[in-house]
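Visitor: Protein chains in written order, with our numbering: chain A, 63 to 550; chain B, 37 to 143.
From the three backbone atoms N, C-alpha and C, an ideal C-beta is built for every residue, glycine too.
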Amino acid sequence: MSSEVNAAENYVEKPRTLAELRAEIASGRTKAANLVASYYDRIAKINPRLNVYLSLTKERALAQADRVDQAAAKGDSLGELAGIPVGIKDVLVMTGAPATAGSKILEGYRPPYDATAVSKLEAAGAVLLGKINCDEFAMGSSNENSAYGPVRNPVDTERVPGGSSGGSAAAVAANMAVATLGTDTGGSIRQPASFCGVVGVLPTYGRVSRYGLIAFASSLDRVGPFAGNVRDAATMLGVIAGHDAKDATSSPAPVPDYAAESDKPVEGLRIGVPAEYFAEGLDAEVRAAIEKGIEALEKAGCTVKKVSLPHTKYAVPTYYLIATAEASANLARFDGVRYGYRSPASETLSDMYSHSRDEGFGAEVKRRILLGTYALSAGYYDAYYLKAQQVRRLLAEDFQRVFAGLDAIVTPTSPIPAFKLGEKTGDPLAMYLADIYTVTASLAGICGVNVPCGQTKAGLPVGMQVLATHLNEGTAFRVARAVEAAEL
Amino acid sequence: MIAKVTVEEVVRVAELAHLKLTQEETVHLRSDLNAILDYVAELNELDTAGVAPLAQMSELPGELGDAADLSSRRPDQVQPSLDRATVMQQAPETNQVLFKVPKVIER
Chain A
63 MSSEVNAAEN YVEKPRTLAE LRAEIASGRT KAANLVASYY DRIAKINPRL NVYLSLTKER
123 ALAQADRVDQ AAAKGDSLGE LAGIPVGIKD VLVMTGAPAT AGSKILEGYR PPYDATAVSK
183 LEAAGAVLLG KINCDEFAMG SSNENSAYGP VRNPVDTERV PGGSSGGSAA AVAANMAVAT
243 LGTDTGGSIR QPASFCGVVG VLPTYGRVSR YGLIAFASSL DRVGPFAGNV RDAATMLGVI
303 AGHDAKDATS SPAPVPDYAA ESDKPVEGLR IGVPAEYFAE GLDAEVRAAI EKGIEALEKA
363 GCTVKKVSLP HTKYAVPTYY LIATAEASAN LARFDGVRYG YRSPASETLS DMYSHSRDEG
423 FGAEVKRRIL LGTYALSAGY YDAYYLKAQQ VRRLLAEDFQ RVFAGLDAIV TPTSPIPAFK
483 LGEKTGDPLA MYLADIYTVT ASLAGICGVN VPCGQTKAGL PVGMQVLATH LNEGTAFRVA
543 RAVEAAEL
Chain B
37 MIAKVTVEEV VRVAELAHLK LTQEETVHLR SDLNAILDYV AELNELDTAG VAPLAQMSEL
97 PGELGDAADL SSRRPDQVQP SLDRATVMQQ APETNQVLFK VPKVIER
C-alpha cells in the first residue's frame, strides 16, 4: 500500500456505531453541534487527498445540530437518526445545494427542492454534511468518470473505491460520515461497499422513493444506504423506505423494523450458492474469503445448497442495452435550455443543444447515450432493446425459481478486489465484465446487502453479496449480520 | 455476426441524441460501439419466442407486497408546483417568465 498520507489516517477500523452515537446525543453526553464540528474537521483534513465531498452544507447541518441539541436538552422526543452526520451522493437533490451528478453539465445548478430520501433523513434528525462525489450520472464502476476528479479508496489511496457511489462508500470507510446515501443501478452501492470494506444496501426496486434522484435508468435506479455495520444500515433503510405519492413506482408495502429483523438468528435458513458466480474470472483470494463466509453461515445453523441461475451470462448485455436505452431518454433533458451548462455563442437552437451536450457530458456518458439511442432507433429496437426486455424476464424467472426453496442467495459482490486507479479505464469491456455479479439482481428487482467478508493478503476488503426476494430485506440483513459476527 | 456500425450510422445516431462529435470522437465511438455490440450479439443465442418483455418492475410477483391495488393514483386535483422565481434563477438566459434561446429556425 502506498500513499503520501498514512493509510491508517484515512481508513478507520471500528468507528462508533450509529446507535452508540445517538444514545450519547439523546442523553446530552455528546452535543450534536460538537459531533458535526469534529466531522467537518476530519473532512477538512483528509478530503483533499480522498476527494469524497464536492460541496459541504454547513449552514443546514449546524442549524439541524442545534435543533437536535435543544430538543435533547428539553427532553423532547428525538428522531431515530438524531444528530447523526450523514453524507449524500451528488445525484440526490438538496434545496439550494449543488447537485452536479458528477458532471460539468450541472455545474452551478442549485435544485429548488429536496429528494424524498433526503427529507426523510432530516425529519429523523440526521445532520446532512454535504454532497458526495460519484461517477458522472452514476455511470461507472470506479468513480473515475467524475468530472471533478476520482475518489481514492481510503484503504489504499492508489486504488479506486469502486463506483458509481465510490464517494459514499469511501466516506463511511474513512469516517467522514457515520452513514451515507448512494444509488445502485447495476451494482453502484454493492460494489463500492465491497471495495471499501463497508456495508451497502440494495433495497428492492420501489422500496425507497426515487423522487429527487437525478435519473439514470428509471426501471433500475435504487436509492440505498451505506454504513459501518449491518444494524446501522438496517436503521438507515427503515428511515428512508416507504411509499411516496411523488414516485409512481414506489411500493405501497409497509416498512418493517429492519434493525429488529437483523437481530434474529439465522438457524434453519436455507442459503443458495449459485454455480455461475464461482466460475472463471473469480479471483482466488476472493473465492477463499467468500468460502469462509459460507462456512460461518453453516456454523450458525444455515443449510447451504448449490443452485443454478442459468441465464447469468446474459445479464451484462441485457443490462447495458436496457440501462443505456433508458439513460438516453433520461439525459435528453440536459440541453442547456432551463438549467445547467449552456454552450456560449451558438447560432441556432439545434447547435445550442448539441454543443452544450457535447461540451458538458464526459466520454462515458456520451458513449452510453449513443449506445442507448442506437438500441432504440428504428430498425434496431426489436433486435436490441425489446430482446433485452425479454431476456430480463428470463433472468427474473431464474431467481423466482431458485428462491422457491431458499431464503437467501450468497455470492461474491465483485470477482476482484479494488484495482488501481487507471488500471481498467483503457478498456470499456473490462469494466463492463466486472459488473456481472451485481446486474442480475438489478434486473430482477430483488434486494441485497454487501457485507464485508475478510480481506486479501494485501489487505484489500472482500465483500459478500446477500440477496433476498422482493421486500425481504429483513432476511438479507439477518444473514449479513451472521457473516459480520464471524469477524472474518 | 452483428453488422458493424458505420461512421454514417454513428453520425446519424449522434444527431438523434443531439451530440456534436469531433472527427476523433466519432472514430473512437464507432469502435467502442462495435466492440460492445459484438458482446451484445450473445443475446441472440437465446430463444425468446413467446417471452413477454419485462418493462415494469411492479408487475413482478412480490414487488408490491400484499397490496391488491396496482394503481397508486392520486385524486385529479391541482396542487401547487415549484415557485417560478426560484426556478428561473437557474435559467441560463431568461426574462423571468420565459427561457430565452437562440433562433429556432434557420432562415
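With DSSP as the reference, label V583 of chain A as helix, strand or coil.
Guide: Any property of residue 583 of chain A remains undetermined from this structure, which presents chain A solely from 63 to 550.
Visitor: Using 8 Å for Cβ pairs, my map puts P77 of chain A next to G259 of chain A. What's the rounded Cβ distance?
Guide: Contact doesn't hold; Cβ gap of about 12 Å is too wide.
Visitor: Could you check what DSSP says for Q527 of chain A in three-state terms: helix, strand or coil?
Guide: In this structure, Q527 of chain A counts as strand in the three-state DSSP scheme.
Visitor: Across which residues does DSSP place S117 of chain A in a beta bridge pair?
Guide: BP columns for S117 of chain A point to A:K193.
Visitor: Taking Y381 of chain A as the reference, give the member of A:V464, A:A289, A:P316, A:D246 with the closest Cα.
Guide: Of A:V464, A:A289, A:P316, A:D246, the residue nearest in Cα terms is A:D246.
Visitor: Classify I150 of chain A: buried if its beta carbon has 16 or more other beta carbons within 10 angstroms, exposed otherwise.
Guide: So I150 of chain A counts as buried.
Visitor: Quick one: is S416 of chain A near chain B, going by C-beta distance under 8 Å?
Guide: Judged by the 8 Å Cβ criterion, S416 of chain A is in contact with chain B.
Visitor: Give me the Cβ distance between L468 of chain A and G334 of chain A, rounded to the nearest whole Å; I'm assuming they're in contact under 8 Å.
Guide: About 4 Å separates the two Cβ atoms, so the contact holds.
Visitor: Using the DSSP secondary-structure output, state which residues sit across from G262 of chain A in a beta bridge.
Guide: Beta-bridge pairing links G262 of chain A to A:F288, A:N512.
Visitor: Would you call T58 of chain B buried or exposed, if buried means 16 or more other Cβ atoms sit within 10 Å of its Cβ?
Guide: Label assigned to T58 of chain B: exposed.
Visitor: Against Y446 of chain A, what residues of chain B qualify as contacts under a CB-to-CB distance less than 9 Å, listed in chain order?
Guide: Ordered by position in chain B, the residues that pass the 9 Å Cβ test against Y446 of chain A are L73, V76, L79.
Visitor: With DSSP as the reference, label G149 of chain A as helix, strand or coil.
Guide: In the structure shown, G149 of chain A sits in a strand (DSSP, three-state: E or B).
Visitor: In chain order, what residues of the segment 376-397 of chain A put their CB closer than 8 Å to some CB of chain B?
Guide: Residues passing the 8 Å Cβ filter: Y376, V378, P379, T380, Y382, L383, S390, A394, D397.
Visitor: Could you tell me whether the Cβ of K182 of chain A comes closer than 8 Å to any Cβ of chain B?
Guide: Not an interface residue.
Visitor: Expressed to the nearest angstrom, what Euclidean distance is found between the alpha-carbon atoms of R252 of chain A and Q451 of chain A?
Guide: If you take the alpha carbons of R252 of chain A and Q451 of chain A, they lie about 23 Å apart.
Visitor: Within 8 Å (strictly less), CB to CB, does S94 of chain B reach chain A?
Guide: At least one chain A Cβ lies under 8 Å of S94 of chain B.
Visitor: Check each candidate in A:R332, A:V98, A:A241, A:P406 and name the one with the smallest Cα separation from K368 of chain A.
Guide: It is A:R332.
Visitor: If you follow the alpha helix (DSSP H) that V46 of chain B is part of, which residue opens it and which one closes it?
Guide: Here the alpha helix (DSSP H) through V46 of chain B covers 43-52.
Visitor: Could you spell out the range, first to last residue, of the alpha helix (DSSP H) harbouring D420 of chain A?
Guide: Unbroken alpha helix (DSSP H) run through D420 of chain A: 411-422.
Visitor: Counting contacts by CB-CB distance shorter than 8 Å, is A303 of chain A in contact with chain B?
Guide: Judged by the 8 Å Cβ criterion, A303 of chain A is not in contact with chain B.
Visitor: Heavy atom of the ligand SAH less than 7 Å from the Cβ of N96 of chain A, yes or no?
Guide: Inclusion of the ligand SAH in the displayed structure is not the case, the ligand content being empty and no account of it being possible.
Visitor: Would you kindly work out how many angstroms separate the C-alpha atoms of M37 of chain B and I108 of chain A, rounded to a whole number?
Guide: Caution is warranted here: a pLDDT of 48 is assigned to M37 of chain B, below 50, making its placement in the model unreliable, and the coordinate value is therefore given only provisionally. In a straight line, the C-alpha of M37 of chain B is about 51 Å away from that of I108 of chain A.
Visitor: Could you pull the DSSP bridge partners for I302 of chain A from this structure?
Guide: I302 of chain A is not bridged to any residue.
Visitor: Along the chain, where does the beta strand (DSSP E) that runs through I333 of chain A open and close?
Guide: Segment 332-336, the beta strand (DSSP E) holding I333 of chain A.
Visitor: Whole angstroms is fine: what's the gap from N392 of chain A's alpha carbon to K519 of chain A's?
Guide: Straight-line Cα distance between these residues: approximately 42 Å.
Visitor: Could you give the residue range of the beta strand (DSSP E) that holds G248 of chain A?
Guide: Per DSSP, G248 of chain A belongs to no beta strand (DSSP E) and is neither H nor E.
Visitor: Give the C-beta separation of A458 of chain A and A506 of chain A to the nearest angstrom, bearing in mind that I take them to be a contact with Cβ-Cβ under 8 Å.
Guide: Yes, they are in contact, since the Cβ atoms of A458 of chain A and A506 of chain A sit about 4 Å apart, within 8 Å.
Visitor: In this structure, does DSSP put L80 of chain A in helix, strand or coil?
Guide: Residue state, collapsed to three classes: helix.
Visitor: In this structure, does DSSP put I141 of chain B in helix, strand or coil?
Guide: In this structure, I141 of chain B counts as coil in the three-state DSSP scheme.
Visitor: Along chain A, which residues have their Cβ under 7 Å away from the Cβ of T122 of chain B?
Guide: The answer, in chain order, is P174.
Visitor: Would you say L134 of chain B faces chain A, with C-beta separation under 8 Å as the test?
Guide: By this cut-off, L134 of chain B is not an interface position.
Visitor: Which same chain residues, not among the five before or five after F465 of chain A, have their C-beta less than 7 Å away from its C-beta?
Guide: The residues are T531.
Visitor: Given this structure, state the Cα-to-Cα distance separating D68 of chain B from R122 of chain A, to the nearest angstrom.
Guide: Each residue's alpha carbon lies about 44 Å from the other.
Visitor: Which ranges does the beta strand (DSSP E) cover as unbroken runs of at least 3 residues, wholly within the segment 127-172 of chain A, from first to last along the chain?
Guide: Runs found: 147-151.
Visitor: T475 of chain A CB to nearest chain B CB: under 8 Å?
Guide: Not an interface residue.
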